Amino acid sequence: MRQNLDVFGFKLDPDEMQAIRALHNPAMRISGDPNTFSQFQSRANQRARGNVTA
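At position 32 of the sequence shown (counting the first as 1) the number is 32 in UniProt numbering, and the numbers step up by one without a gap.
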């Protein structure tokens with residue numbers, strides 16, 4: 001149980017931080033931009049608004 005509570009007991013090295021940063025790729029989103037998303041949108045609506053490409 002104590003191990004589960006100690007979630008801040010680690011450090012990431014620069015290579016690990018870069019790997020996490022590389023995951024941010026808006027082109028890979030399957031839904032709307034989370035910063036502007038305000039309501040549920042159907043897949044067709046998302047396509048019409050340009051939120052998804054496929």
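We treat Cβ as the ideally placed atom computed from N, Cα and C, and that holds for glycine. Keep in mind the model is a prediction, meaning the values are calculated, not measured.
Annotation: M1 to D15 spans about 30 Å, alpha carbon to alpha carbon. Annotated three-state conformation of P34 is coil, per DSSP. Here S31 is not near Q18, since their CB atoms are 8 Å or more apart.
Straight across, the Cα-Cα distance linking S42 with G9 is about 41 Å.
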